Each structure stands twice: as C-alpha cells, then as structure tokens.
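Please read the structure below before turning to the comments.
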Amino acid sequence: MSEAAPLLEVRELRVRRGRRTVLTLPHLALNPGERLAVIGPNGAGKSTLLEVLALLRPPTQGAVYFQGQPVGGHAAELVRLRRQMAVVFQRPLLLRGTLLENVALGLRLRGQPAAQAAAVAQDWLARLGVAHLAARPAGQVSVGEAQRASLARALATAPAVLLLDEPFAALDSLARHALLGTLDEVLTAAACAVVLVTHDWREVRRLAQRVGVLLGGHLVQLGTVTEVAQHPASADVAALIAAGR
Amino acid sequence: MDIIWQGLVQAVELLVGGDAQVWGIVGLSLLVSGTATAISTALGVPLGLALALGRFPARTGVISVVNSGMGLPPVVVGLGLSLLLWRTGPLGGLHLLYTPGAMVLAQVLLALPLVAGLTLAAVQQLDPRLRLQILALGATRGQLARLLLREIRGPLLGAVMAGFGAVISEVGASLMVGGNILGETRVLTTATVLATGRGEFDVAIALSTILLGLTFLVAGGLTWLQQRGPHLDE
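Chains as they are written, first to last, in the numbering used here: chain C, 1071 to 1315; chain V, 437 to 670.
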C-alpha cells in the first residue's frame, strides 16, 4: 500500500437501477482526515454514492478502493472494511433498547465486552449532549435526540471514515442549528475522514473543506468550498449554492 | 344447557381425577403439536428471513408458494401425505403412516408456511434502511439476522402462536395420517370428533374444554413473552 493512496476512492463508477443509470463517476477520492461534501438536489445520486462508498451497494461497473486496495465482494472482507467506517442516515434508525445499548451496539458487534462498550458509549453520548438520556428507550426520545444518539453510535466505533447521509434532514431548524455546531466540534476532535451528503450549502460551508456537486448522476464540479462558491461551473451549480445561502 | 354444564363438569372430573386415558390424549396432543410447532419455527423463521432479505431468481415463486400454503386445507395435506406414506407409496418404506411421526409431519406442512409467511411479512414491515444501518455498523450476516429477529420479536411470537393454534386445532390431517388409534395416535381433536360421532356429547364438550384451556395456556405464555419490555443485551 502506497502512503500517498487515498483512504477511500472510486474509479470508473457506474450504478444502474433496472435499465436506468443513476450514477456515473469517473473518479472521486477521499484523503485521511479530510471532510468532503457532496451536494446536489433530490434524485442526483447522492445517497446511491454514499451507499457505494459504505460498501452497502455493489457498483454495476467500476470499483471502490480502500487504502489503495480494490474492494472485492467477499462477505468477510466487506464486514472487515465496513468496521473501519460508520454511516449515519437521514433517519436515526435506532434499534430496540436504550440509547446506551444502541450506542454500544457497534462495539458489541466487534466483540467488545459489555462493560467496556457501555463506558465508551456513555462517553460519546456525553459528547453529543444526550448523556442524561442513556437509560431511555430509543422510542421515547425526540428525533433530534435520536439523531444525536445515532451520531454517537457511529463515532463510538472510532471509524476511519464517517459517511453522513443528510443527517440533519429530519430535524427542525433549531435542532439542526444546534446539532451542526456540536457535530463540527466533535468531528474536529475525532479527526476521521468525513463524506457529507446534503442539499444544503450552509451545511457544506460549516462542515466541509472540499465539495463535489452532483447533478443528474454526474459530478459536474469538484473543488474547495471557496473555489466552488466563487466560481460555480454552471448556472445550476450557482442556483444550488444560492438556495442554501 | 344441561348437556354443556355436564360436559364442563366432566372435563374437570377427567382432569382432576387423573384419568389416564385423557391425560394420555392431552400429552400426545401437546407432544405432536409442540414438536410440529418447534420444527416449523426452526425451519420457517430462517426461510422467512431468507425470503425477506435474499434476492434470487425463484424468490417470487417461493413467496407465492408460502403464501398459498398459509391457507392449506388440512384434509388436502392429510390426503397428499397419506398417498406418499401409503405402504405402496413413494415413502411407504418409512412405515410412518398411522404413527405420531406422520401426524407431526402433516402438522409441520400446515404450520411451516404460516411461520415463514408471517416472519417474511414482519421483516418487510421494517424500514428497509434498518438492514443497511445494521450492516454499516459492521454486522456479519448472522448478527444481522439476530438483530432483525429481535426487532420483530412481537410479530415473531405471533407467528409461533398462529402456527401452534393452527396445528393443535386441526383435525383432518391428523385423522387421516394418524388414524385416531387409542393410546397411539388419538389426540384431542380426533377424540372429540369420535365422541361427537358416538353421541357422547358430554365427553366431546369435556375434550373441547380441555383443548380450549390448553390453547389459552400456551397462547397466554407466548403473549407474556411477546409483551415483555425490550432488552438489547447479547
């Protein structure tokens, strides 16, 4: 493995659903510790890209590379690599049980003893500001609190890559603003690489260093947040940025 | 009304009095239907999960078969199995006809589609992204299956109850492949049919009351399990 290899990379990617091609991406790379946003309107292929990067959906063509190595389709290899990543979806998707049990789940699946996993989970619940809800059943907290627990669950496993699929979409503006601030602080401390999928330019500006713009399943622009904001590649990109300002 | 009252009194007398014949029938009913339900659960839950999560060419066809099987008439199962197990039939060499083994087999054929179909329906009711979320947390296939089953614990116990309810109360298949032989293959339902045919309504009512009580007890136990609070520890 080369030291210069990106942490996560896709090459000549094509994803089809039925007869329709929903995503075509010649190349995209994520470097260690980098925060990359992918912005686009609904139906642009953002969530599909995230699922491919998370190794939850095999591409129709092309390949995903993790630390310079192509990812095969072997189940054991997929589990091993997924355990170096974490995903937070739009909805919190908590399981039965308390918030503490949910946050400890990733560690328990990796074979960590219950007490050790619970201690780590409690710490992450505190960092996300919901430690007081640790013993509360998942079904008895607000969406905002559940999404904080979901982020804590993802970060508790100390992933090399955190993949966020519009994690603020289900929240009201107040909860979204509060969580944006918390997440920015937490991500800075965690120093993991991040891919944030969103349609909101404010989230891009707040959380990302680089941004790719996805329109109709194609990456139409990729650059630093400042570059893209100052020199949008097309009127559509400019409109997407303006909508979130 | 007198005949019903007499039947209820006799049911209590038969049970409390320790009537060996009745207790034998009760025991065999529980053994046959319990075994059939256990086998159906052991096969039907993984089958339902596989149909819910898997993608393979014959999937829709298998789901259609399972769904059709949920309404399988017991007499049809009894007839089909009798033909297979008949001395000159393809499985005649097993010498299973008119044994409790044949009754278990018949009841498995009745309960298996119910357990598999209801498991499939329960998993399909979950948010499809929940499966992705569990995989993204680093779950192996086995861990994914365990966690999904825990998510559908309530409906799953409902499926087991439905399976047990269907087989403990069926009469057609057990009568045809069991033969209703006293001390060997006579269960509560077939004994009730026999008593009614003989005009022994008090005995029939007594046996029916015991059957109802038994069903209520088992369903009550499973309901208690179903309604207990969630617990996530491994």
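Backbone N, C-alpha and C define an ideal beta-carbon position, used for all residues, glycine too. Fair warning: this is a prediction, and the values are worked out from it, not measured in the lab.
For Ala1228/C, the three-state DSSP class (helix, strand or coil) = Along the first sequence, read from residue 1 onward, the residue named residue 1228/C stands at position 158. Assignment of Ala1228/C by DSSP, reduced to helix, strand and coil, places it in the coil class.
task = Work out the CA separation of Arg1090/C and Met1071/C for me, nearest whole Å.
result = Along the first sequence, read from residue 1 onward, the residue named residue 1071/C stands at position 1. Along the first sequence, read from residue 1 onward, the residue named residue 1090/C stands at position 20. Since pLDDT at Met1071/C reaches only 45, below the 50 mark, its modelled position is unreliable, and the value read off the structure follows with that caveat. About 35 angstroms.
inquiry  = So Arg586/V contacts chain C; which residues on that side make the cut at Cβ distance below 7 angstroms?
reply    = Numbered from 1 along the second sequence, position 150 holds the residue referred to as residue 586/V. Neighbours of Arg586/V on chain C, chain order: Arg1166.
message = Please give me, in chain order, every unbroken run of the beta strand (DSSP E) with length at least 3 that falls completely inside the segment 481-566 of chain V.
response = Restricting attention to beta strand (DSSP E) runs no shorter than 3 residues, the segment 481-566 of chain V encloses none.
ask   = How about the segment 1209-1226 of chain C and the segment 1234-1253 of chain C: do they share at least three Cβ pairs that are nearer than 8 angstroms?
value = yes
inquiry  = Is there a Cβ of chain C sitting closer than 7 angstroms to that of Arg495/V, yes or no?
reply    = In the second sequence, counting from the first residue as 1, residue 495/V sits at position 59. Not one chain C Cβ lies under 7 angstroms of Arg495/V.
request  = Assign Gly1132/C to one of three DSSP states: helix, strand, or coil.
outcome  = By one-based count along the first sequence, residue 1132/C stands at place 62. Here Gly1132/C sits in strand by DSSP.
Supposed contact pair Ala1156/C and Ala1174/C - C-beta distance, whole angstroms, cut 8 angstroms = Mapped onto the first sequence, residue 1174/C falls at position 104. Mapped onto the first sequence, residue 1156/C falls at position 86. Contact doesn't hold; Cβ gap of about 14 angstroms is too wide.
task = Could you spell out the range, first to last residue, of the alpha helix (DSSP H) harbouring Arg1280/C?
result = Translated into positions along the first sequence, residue 1280/C becomes position 210. Segment Arg1280 to Leu1285 is the beta strand (DSSP E) holding Arg1280/C; no alpha helix (DSSP H) there.
key: DSSP three-state assignment for Leu618/V, whether helix, strand or coil   = Locating residue 618/V in the second sequence gives position 182, where the first residue counts as 1. It is coil, neither helix nor strand.
query = Mind pulling the chain V residues with CB within less than 8 angstroms of Phe1136/C?
reply = Counting from 1 along the first sequence, the entry for residue 1136/C is found at position 66. What Phe1136/C touches in chain V: nothing, since even the nearest Cβ is about 14 angstroms away.
ask   = Nearest to Ile588/V by alpha carbon, out of Leu515/V, Arg495/V, Thr555/V and Gly453/V?
value = In the second sequence, the residue the question calls residue 588/V occupies position 152. The residue from Leu515/V, Arg495/V, Thr555/V and Gly453/V with its alpha-carbon nearest to that of Ile588/V is Thr555/V.
request  = Give me the Cβ distance between Ala1114/C and Val1274/C, rounded to the nearest whole Å; I'm assuming they're in contact under 8 angstroms.
outcome  = As a first step, residue 1114/C must be located in the first sequence, where it is residue number 44. As a first step, residue 1274/C must be located in the first sequence, where it is residue number 204. That belief does not hold up - the Cβ atoms of Ala1114/C and Val1274/C are roughly 14 angstroms apart, past 8 angstroms.
ask   = Which value, in whole angstroms, describes the spacing of the CA atoms of Ala486/V and Gly505/V?
value = On the second sequence, residue 486/V is found 50 positions in, with the first residue counted as 1. On the second sequence, residue 505/V is found 69 positions in, with the first residue counted as 1. The straight-line gap from Cα to Cα measures roughly 17 angstroms.
Below-7 angstroms beta-carbon distance, Leu571/V vs any chain C residue = Walking along the second sequence from the start, residue 571/V turns up at place 135. Chain C, which has a Cβ nearer than 7 angstroms to the Cβ of Leu571/V, makes this yes.
message = Contact criterion: CB-CB distance below 7 angstroms. Does Leu566/V meet it with respect to chain C?
response = Numbered from its first residue, the second sequence carries residue 566/V at position 130. It does; some Cβ of chain C falls within 7 angstroms.
request  = May I have the straight-line CA-CA distance separating Pro510/V from Val623/V, to the nearest angstrom?
outcome  = Here residue 510/V refers to the residue found at position 74 when the second sequence is read from its first residue. Here residue 623/V refers to the residue found at position 187 when the second sequence is read from its first residue. Answer to the nearest angstrom: the Cα atoms are 15 angstroms apart.
query = Would you call the CB atoms of Asp1270/C and Gly1214/C closer than 7 angstroms?
reply = As a position in the first sequence, residue 1270/C is number 200, starting the count at 1. As a position in the first sequence, residue 1214/C is number 144, starting the count at 1. Not a contact, by the Cβ cut-off of 7 angstroms.
inquiry  = Quick check: the Cα distance between Leu1063/C and Leu562/V, rounded to an integer number of angstroms?
reply    = Given a span of 1071 to 1315 for chain C in the structure shown, any question on residue 1063/C remains unanswerable.
request  = Determine the burial state of Gly480/V: buried for a count of at least 16 other Cβ atoms within 10 Å of its Cβ, exposed for fewer.
outcome  = One-based indexing of the second sequence puts residue 480/V at position 44. Buried, by the Cβ-count rule.
message = Let me check understanding here. Comparing Cα to Cα, which of Arg1105/C, Gln1279/C and Glu1171/C lies closest to Thr1296/C?
response = Counting from 1 along the first sequence, the entry for residue 1296/C is found at position 226. The candidate whose alpha carbon is nearest that of Thr1296/C is Gln1279/C.
ask   = Is there a Cβ from chain V that is less than 7 angstroms from the Cβ of Leu1163/C?
value = The count along the first sequence starts at 1 and reaches residue 1163/C at position 93. With 7 angstroms as the cut-off, Leu1163/C counts as an interface residue toward chain V.
request  = Determine the direct distance from the alpha carbon of Ala1184/C to that of Glu620/V, and round the result to whole angstroms.
outcome  = Translated into the one-based positions of the second sequence, residue 620/V becomes position 184. Translated into the one-based positions of the first sequence, residue 1184/C becomes position 114. Those two C-alpha atoms are separated by around 50 angstroms.
task = Using a Cβ cut-off of 7 angstroms, pull out every chain A residue sitting near Leu1175/C, in sequence order please.
result = Protein chains C and V are contained in the structure displayed, whereas chain A is not.
request  = Return the chain-ordered ranges of every beta strand (DSSP E) run that is complete within the segment 1207-1267 of chain C and spans a minimum of 3 residues.
outcome  = 1231-1235
ask   = In whole angstroms, what separates the C-alpha of Pro666/V from that of Arg1127/C?
value = What you label residue 666/V is simply residue 230 of the second sequence in a count that begins at 1. What you label residue 1127/C is simply residue 57 of the first sequence in a count that begins at 1. Residue placement at Pro666/V cannot be trusted, given a pLDDT of 48 that sits under 50; what the coordinates show is reported in the next sentence. Distance between the alpha carbons of Pro666/V and Arg1127/C: 31 angstroms.
ask   = In whole angstroms, what is the alpha-carbon distance linking Asn1101/C and Val1134/C?
value = By one-based count along the first sequence, residue 1101/C stands at place 31. By one-based count along the first sequence, residue 1134/C stands at place 64. When rounded, the distance between both Cα atoms is 14 angstroms.
task = Measure from the C-beta of Val1295/C to each C-beta in chain V and report whether the shortest distance is under 7 angstroms.
result = Here the question's residue 1295/C lines up with position 225 in the first sequence. False, the Cβ-Cβ gap to chain V never drops below 7 angstroms.
query = Can you pull the DSSP bridge partners for Gly1293/C?
reply = Mapped onto the first sequence, residue 1293/C falls at position 223. BP columns for Gly1293/C point to Val1281/C.
inquiry  = Taking the straight line between their C-alpha atoms, what separation do you get for Arg491/V and Arg1087/C?
reply    = The residue you call residue 491/V lines up with position 55 of the second sequence. The residue you call residue 1087/C lines up with position 17 of the first sequence. Cα to Cα, the separation comes out at about 15 angstroms.
query = Expressed to the nearest angstrom, what Euclidean distance is found between the alpha-carbon atoms of Leu1151/C and Arg567/V?
reply = On the first sequence, position 81 is the one that residue 1151/C refers to. On the second sequence, position 131 is the one that residue 567/V refers to. Roughly 17 angstroms separates the two Cα atoms.
query = Applying a beta-carbon distance threshold of less than 7 angstroms, which residues of chain V neighbour Phe1238/C?
reply = Reading the first sequence from its first residue, position 168 is the one you call residue 1238/C. Residues of chain V with a Cβ closer than 7 angstroms to the Cβ of Phe1238/C do not exist, since the nearest Cβ in that chain sits about 16 angstroms away.
request  = Determine, using beta carbons only, whether Gln561/V comes closer than 7 angstroms to chain C.
outcome  = On the second sequence, residue 561/V is found 125 positions in, with the first residue counted as 1. No, Gln561/V lies away from the interface with chain C (no Cβ there is under 7 angstroms from its Cβ).
request  = Please list the partners that Thr477/V has in chain C, where partner means a Cβ-to-Cβ separation under 7 angstroms.
outcome  = Locating residue 477/V in the second sequence gives position 41, counting from the first residue. Ordered by position in chain C, no residue passes the 7 angstroms Cβ test against Thr477/V, which lies about 20 angstroms from the chain.
Neighbourhood of Leu1170/C by C-beta, 8 angstroms cutoff - its chain only, sequence neighbours within 5 removed = Translated into the one-based positions of the first sequence, residue 1170/C becomes position 100. Closer than 8 angstroms at Cβ, skipping near neighbours: Ala1188, Ala1191, Gln1192, Leu1195, Ala1204 and Ala1205.
key: Touch test, the segment 630-639 of chain V against the segment 540-551 of chain V, Cβ-Cβ under 8 angstroms, three pairs minimum   = no
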